[in-house]
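Numbered by this note's numbering, the letters in the sequence shown go through residues 837 to 912 in order.
For each residue, glycine too, the CB sits at the ideal point set by N, CA and C.
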Amino acid sequence: MIFRNPAGAPELACDGCGCRWFDRMTGSCYECGTPVAAQALAEYRQALDAFAATKRDSAATMASPCPAPSSSSPTR
Ligand SMILES: [Zn+2]
């Protein structure tokens, strides 16, 4: 299952116990040993990509609050 943390980032959680601790070596839950479904992993990667894209967009808009004076100001 996938849920979002307070920052809006996707978190992959165990379908069996709902915890977020996974053994990356075996791809299964530390707590109850439930294997991570390939579909859940794919969804998680997609959610991560989407989140990264939104962060990139907001960072780009926040980085330029006003137009650059050098390129937009007319020469006098
Ligand atoms: Zn579990």
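With a cut-off of 8 Å, the C-beta of threonine 862 is classified as distant from ligand 1, since no heavy atom of the ligand falls inside that distance. Relative to glycine 863, the option among Leu884, Leu877, Arg881, Ala888 whose CA is nearest is Leu877.
Following the DSSP letters along the chain, one finds glutamate 867 in no beta strand (DSSP E), marked with neither H nor E.
The DSSP-derived three-state label of arginine 860 is coil.
Between ligand 1 and the CB of glutamate 847, the shortest heavy atom gap is not smaller than 8 Å. By the 16-neighbour rule on beta-carbons within 10 angstroms, proline 842 is exposed. Nearest to alanine 873 by C-alpha distance, out of Gly844, Leu884, Ala849, Phe839, is Ala849. When only Cα atoms are considered, tryptophan 857 and tyrosine 866 end up about 6 Å apart.
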